[in-house]
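I have placed the structure first, in the form of structure tokens, so that the comments after it can refer back to it.
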Amino acid sequence: MSADGTSSSDRRRFLKSAGVASASLPLLIASQGGAAATGEAPRPAVAQSSTADTAGYQILSLDEAAFTEALVDHMWPKDELSPSGSELGIATFIDRQLAGAFGQGDRLYSQGPFRKGKPQHGYQLPLTPAEYFKAGTAAASAACARRFHRGFDKLTAAEREQFLHDVAGGKVADAPLDLAAWFNGLVYPLFERGAFADPIYGGNRDKAAWRMIGYPGLPATYSQDVVRYRGKPHPRSANPQSILDLS
Amino acid sequence: MATTLKEREVVIVGGGLSAGLLARRLVPLGRDVLVLERGAPRNGSEMQLPSQRDDLRWSILRGLNQRENVETYTLRHAPGEDALPMRQLISFLPGFGVGGGAAHWNGLTWRFQTTDYVLRSHLESRYGKGALPADMTVQDWGVTYDELEPYYTQFEKLFGISGKAGNVRGEKRDGGNPFEPWRAEDYPLPPLETPEAGLIFKAAAKKLGYKPFPLPAANASRAYTNPDGMKLAACQYCGHCERFVCEAQAKASPNILLFPLVVGKPNFELRTHAEVFHLNYDRAAKRVTGVTYIDALTGEEFIQPASVVVLGSYVLSNTRLMLLSGIGEPYDPRTGKGTVGKNYCYQTVSGVGAFFEDRYINPFMASGSLGMVIDEFNNDHFDHAGLGFFGGAYIAAAVTNGRPIATRALPPGTPRWGLAWKAANAKWYLRSFGILAHGTSYSHRNNHLDLDPDYRDAYGRPLARITFDFPENDVKMSAHVTQKAHDLAKATGATIVSPAAPRRGPYDTRLYQTTHNTGGTIMGVDRATSVVSTRLQSWDAQNLFVSGASVFPQNSGYNPTGPVAALALRLGDDLASYLERPRVL
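For the record, the sequence lines run as chains A and B.
For the first sequence, our numbering assigns the number 247 to the last residue and increments by one with no breaks.
For the second sequence, our numbering assigns the number 1585 to the last residue and increments by one with no breaks.
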């Protein structure tokens, strides 16, 4: 993190893709209730830029971005199978999701009374997913600082691993909210979506996650292949196609 | 101030499968039919390439489904507990828009069986009157399989069902379901191709002495023209069926097979964006006079008078509209009295994962109802004496999709992130499949629907409150059948088999299970124990009929669309007659 608050990786990406800097990104936040009232089909859940390689963050603060990048890099480490989580765009995906309709709680039932239910009742807080993500990030960062005297992004891999296990397993009790519910109910699903959703949403850059597992993507018309490649590797598993490729 | 519109002959609430089948029957007779659908037409990016294949948008973020901010449900696991709203609807997915759930369904198309319709009589006669637990409120339907058989046959032809018959007019056929009740004809289309997972499952099932057969599918195995001249294209095995509209026109739906027959006729109207608030009920006359709805495009409220009203909306909406309209006596679990909301059931689903080091399963080449299944452990196909439960499940290798956000099975013990997790995804995504146990859900005295006292929808009306948990009977059933599924997975020779994880309570709203909610406006022979008669006519309003799985007294081990359609087709015949001469049928 530099003095002006931008991380070096951010600046690199900014310079690399000067034409699509954050200022030029449309911040599309779906109007709450608009879609509900008209019954129209929902729009794509995030803004779509002209390229998947978008730099900058729409809604995450610098601290939140640093936390999120460190988190997704730890959960999706770089190896011979694929680049790191932030290089894959998972942090970008999370940012765009939180800034967009999902994060603004466009279809979340948000009427009271609010009660603490059983875990099986699912999410029961009055916060939007974006607010919840931010509150949880602050709480996790504070707990991390108390324990390690450093931010999550400054921890060693072993420390990150231990801390995340404790968060996910409900062992970080000194937090103003239930960090296990936050991580398992919001962060982890966003992480999985960011890795494996279509690249138009900002994650899964270059379809690297699809290629890693062998998912061929689109257009998925297999009326002949279902027999031809039954029990055999499908040739497009190594070369998946995305919505952009077919647009 | 609501505007009163001109009276219409038949008003159907909900533009889904029931409305499509009824309109198809009544409009050619010259009957005036108006369908009120709360959502929009289905003609946009949900059915165009490449946007149709957007897993995040349609499946994960549930783009085709009822929006919770407008209407959701509250849940408590037992009477006396506080109910909380499902702020995100995840465990089941009510449809929204023309076609309803039958636009985004898988396509699994079963017939409920002979004993399903006479469940209480059958179990009492086989196991003795005292054998059923006192709190198991299963009932007979008041209709028999033989009465419904022609309607099942008709529906299978209309929807071009692909499958392999096991019993054509009493003649048993190899390769079909040996437990199938008689059917007048074979399926109109041959089964879909068997995927690798199906071949593996089939071999294992045969090794154990079972009789596997292909899943019956509304995903057309080849191009098809139905008796109405309506066409289905051949399935592309694209793996975007459930939670999606089929862009290839290969998955049967009211949108492509039923509504086009009547749209444009002068005596038919499909009014979208029409959210029905309640039915207007004349208690003294025991008749409904019409419905009140809001036009979501203008915000105007209308009273739509009608000679006949059919509730053909989602299970929970049918029941809620009865309650909001004050028709019938709400069910009270303390006394067992009252009927509206009674016998709410679900589906008891569990699964086992099988992982193969040396086999390519290629789960992305899939269809909503693709794979092989056995029926040995479903319903009462095995002797339940001494087992301590009734019911069962079909056990299937159903390869419905390989959409990677959610369909990436990993062996037990795999870490949830990191290098080993990545490697496990890379290793097993192409090389695993799940074995599903799709089980019965038997009614329980506690499980019911009513109106929530605290929570309201976006229009200010009380939400439906679900009181539900898996009854002890169904938990025991699930333990039994999940072990059978596990044994079968072991017999495949899989490198790794995940441990049997039977369904248990508390019912978890965070996990998708099925959208096979049933009950609430159940049918029967006695008005003291049912909401509608065996002809689906309300006991409390002669000109009100109810269609959908809300009339099931309990749920079978099969997917519910087949019997919903068979009953709707029969209701079409009944309404044709009723409109000639209105009476208690």
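Note that beta-carbon positions come from the ideal geometry of N, C-alpha and C, so glycine has one too.
Can you check which of these residues, B:L1049, B:L1029, B:N1517, B:Q1513, is closest to B:Q1249 by C-alpha distance?
Working through the second sequence from its first residue, we reach residue 1249 of chain B at position 249. Among B:L1049, B:L1029, B:N1517, B:Q1513, the Cα nearest to that of B:Q1249 is on B:L1049.
Look at the Cβ atom of B:N977, then the Cβ atom of A:M75, and state whether they are nearer than 8 angstroms.
The shown model of chain B, from 1001 to 1585, leaves out residue 977 of chain B, and the question about it has no answer.
Please identify the residue among B:S1018, B:L1488, B:C1345 whose C-alpha is closest to the C-alpha of B:K1207.
Against the second sequence, residue 1207 of chain B aligns to sequence position 207. Nearest option by C-alpha distance: B:L1488.
List, in chain order, every chain B residue whose beta-carbon is nearer than 8 angstroms to that of A:S243.
Locating residue 243 of chain A in the first sequence gives position 243, counting from the first residue. With the sequence shown as reference, residue 243 of chain A is identified as Ile, and Ser is not the correct amino acid for it. Ordered by position in chain B, the residues that pass the 8 angstroms Cβ test against A:I243 are P1050, S1051, R1053, D1054.
Please report the distance separating the alpha-carbon of A:K118 from that of B:G1505.
Residue mapping note: residue 118 of chain A aligns to position 118 of the first sequence, counting from 1. Residue mapping note: residue 1505 of chain B aligns to position 505 of the second sequence, counting from 1. Taking the straight line from one Cα to the other gives about 12 angstroms.
In the stretch 1339-1370 of chain B, which residue ranges form an unbroken beta strand (DSSP E) of at least 3 residues, counting only runs that do not cross its ends?
Entirely contained in the stretch 1339-1370 of chain B, the beta strand (DSSP E) runs reaching 3 residues are, in chain order, 1342-1345, 1348-1355.
Would B:G1020 and B:L1064 qualify as a contact pair, given that the criterion is a beta-carbon distance under 8 angstroms?
Counting from one through the second sequence, the residue named residue 1020 of chain B turns up at place 20. Counting from one through the second sequence, the residue named residue 1064 of chain B turns up at place 64. In this structure, B:L1064 does not lie closer than 8 angstroms to B:G1020 by Cβ.
Use the C-beta contact count for B:E1147: other C-beta atoms within 10 angstroms, 16 or more gives buried, fewer gives exposed.
For this step, residue 1147 of chain B is matched to residue 147 along the second sequence. With fewer than 16 Cβ atoms within 10 Å of its Cβ, B:E1147 is classed as exposed.
Check whether the Cβ of A:G214 lies closer than 8 angstroms to any Cβ atom in chain B.
Working through the first sequence from its first residue, we reach residue 214 of chain A at position 214. Residue-level contact check: A:G214 touches chain B, since one or more beta carbons of chain B fall below 8 angstroms from its beta carbon.
In chain order, which alpha helix (DSSP H) runs of at least 4 residues are fully inside the stretch 1100-1124 of chain B?
Within the stretch 1100-1124 of chain B, the complete alpha helix (DSSP H) runs of at least 4 residues are 1101-1104.
Taking A:R205 as the reference, give the member of A:T92, A:S223, A:V226, A:E64 with the closest Cα.
Locating residue 205 of chain A in the first sequence gives position 205, where the first residue counts as 1. Checking every option, the nearest Cα to that of A:R205 belongs to A:T92.
Taking Cβ positions, are B:T1440 and B:A1393 nearer each other than 8 angstroms?
Start at 1 with the first residue of the second sequence, and residue 1440 of chain B comes out as number 440. Start at 1 with the first residue of the second sequence, and residue 1393 of chain B comes out as number 393. A contact, by the Cβ cut-off of 8 angstroms.
Check B:Y1073 in the structure and name its three-state DSSP category.
Position 73 of the second sequence, counted from the start, is the residue given in the question as residue 1073 of chain B. The answer is strand: DSSP assigns B:Y1073 an E or B state.
Near B:Y1360, which residues of its chain fall below 8 angstroms by C-beta distance, leaving aside the five closest residues on each side in sequence?
Numbered from its first residue, the second sequence carries residue 1360 of chain B at position 360. Same-chain partners within the cutoff: E1196, L1430, R1431.
Hey, does A:Q58 have any beta-carbon neighbour from chain B nearer than 8 angstroms?
Taking the first sequence and counting its residues from 1, one reaches residue 58 of chain A at position 58. Not a single C-beta of chain B is nearer than 8 angstroms to the C-beta of A:Q58.
Nearest-angstrom Cα distance between B:N1555 and B:K1476?
By 1-based counting over the second sequence, the position of residue 1555 of chain B is 555. By 1-based counting over the second sequence, the position of residue 1476 of chain B is 476. B:N1555 and B:K1476: Cα-Cα distance of roughly 16 angstroms.
Here's a check: name, in chain order, each residue in its chain whose Cβ is nearer than 7 angstroms to the Cβ of B:G1030, leaving out the five neighbours to either side.
On the second sequence, position 30 is the one that residue 1030 of chain B refers to. For B:G1030, where only same-chain residues beyond five positions count, the Cβ hits under 7 angstroms are N1267.
Does the separation of the CB atoms of B:Y1237 and B:A1366 fall below 8 angstroms?
One-based indexing of the second sequence puts residue 1237 of chain B at position 237. One-based indexing of the second sequence puts residue 1366 of chain B at position 366. Going by C-beta atoms, B:Y1237 is nearer than 8 angstroms to B:A1366.
Go through its chain and collect everything with a Cβ distance to B:G1239's Cβ below 6 angstroms, but skip five positions before and after it.
Your numbering for residue 1239 of chain B matches position 239 in the second sequence. Hits under 6 angstroms: F1364, A1366, N1401, G1402.
Taking just the CA atoms, how far does B:G1100 sit from B:L1034?
In the second sequence, counting from the first residue as 1, residue 1034 of chain B sits at position 34. In the second sequence, counting from the first residue as 1, residue 1100 of chain B sits at position 100. Their backbone Cα atoms lie some 16 angstroms apart in a straight line.
Taking beta-carbon pairs under 9 angstroms, can you tell me which members of the stretch 1216-1239 of chain B lie near chain A?
Here the close residues are A1234, C1235, Q1236, Y1237, C1238, G1239.
Rounded C-beta distance between B:E1185 and B:T1153? I'm assuming under 8 angstroms.
One-based indexing of the second sequence puts residue 1185 of chain B at position 185. One-based indexing of the second sequence puts residue 1153 of chain B at position 153. Correct: roughly 6 angstroms between the Cβ atoms.
Please find out if some non-hydrogen atom of the ligand HEM comes closer than 7 angstroms to the beta-carbon of A:P199.
This structure lacks the ligand HEM, and indeed carries no ligand of any kind.
Taking any Cβ of chain A, which residues in the stretch 1086-1101 of chain B have a Cβ under 8 angstroms from it, in chain order?
Residues are counted here when their Cβ sits less than 8 angstroms from a Cβ of chain A; for the stretch 1086-1101 of chain B these are M1086, R1087, Q1088, I1090, F1096, G1097, given in chain order.
Given that a residue counts as buried once 16 or more other Cβ atoms are within 10 Å of its Cβ, and exposed if not, what is A:R146?
Looking up residue 146 of chain A in the first sequence gives position 146. Exposed is the call here.
Classify B:M1477 as helix, strand or coil using the three-state DSSP reduction.
Counting from 1 along the second sequence, the entry for residue 1477 of chain B is found at position 477. DSSP places B:M1477 in helix when its eight states are reduced to three.
Using a Cβ cut-off of 7 angstroms, which residues of the stretch 1320-1332 of chain B contact any Cβ in chain A, in chain order?
none
Could you name the residues of the stretch 1359-1375 of chain B whose beta carbon sits closer than 7 angstroms to any beta carbon of chain A, in the order they occur along the chain?
Identification of residues in the stretch 1359-1375 of chain B having a C-beta nearer than 7 angstroms to some C-beta of chain A yields R1359, Y1360, N1362, F1364, M1365, given in sequence order.
Who are the neighbours of A:S110 on chain B, taking C-beta pairs under 8 angstroms?
Position 110 of the first sequence, counting from 1, holds the residue named residue 110 of chain A. Neighbours of A:S110 on chain B, chain order: N1069, R1087.
According to DSSP, simplified to helix, strand and coil, what is A:H121?
Numbered from 1 along the first sequence, position 121 holds the residue referred to as residue 121 of chain A. Per DSSP, reduced to three states, the secondary structure at A:H121 is helical.
What would DSSP say about B:F1092, mapped onto helix, strand or coil?
As a working note, residue 1092 of chain B is residue 92 in the second sequence. Three-state result, B:F1092: coil.
Nearest to B:K1006 by CA position, among B:V1340, B:D1032, B:R1024, is which residue?
The residue labelled residue 1006 of chain B in the question sits at position 6 within the second sequence. Closest by alpha carbon: B:D1032.
Could you please give me the residues that DSSP links to B:M1523 through a beta bridge?
Residue mapping note: residue 1523 of chain B aligns to position 523 of the second sequence, counting from 1. In DSSP, B:M1523 forms a bridge with B:V1532.
Residues of the stretch 119-130 of chain A with a CB closer than 8 angstroms to any CB of chain B: list them in chain order, please.
P119, Q120, H121, G122, Y123, Q124
Starting from B:G1434, trace the alpha helix (DSSP H) both ways and give me its first and last residue.
The count along the second sequence starts at 1 and reaches residue 1434 of chain B at position 434. B:G1434 -> not in any alpha helix (DSSP H); beta strand (DSSP E) instead, spanning 1432-1439.
Taking only the alpha-carbon atoms, compute the straight-line gap between A:Q120 and B:R1503 and give it to the nearest angstrom.
In the first sequence, the residue the question calls residue 120 of chain A occupies position 120. In the second sequence, the residue the question calls residue 1503 of chain B occupies position 503. Approximately 14 angstroms between the Cα atoms of the pair.
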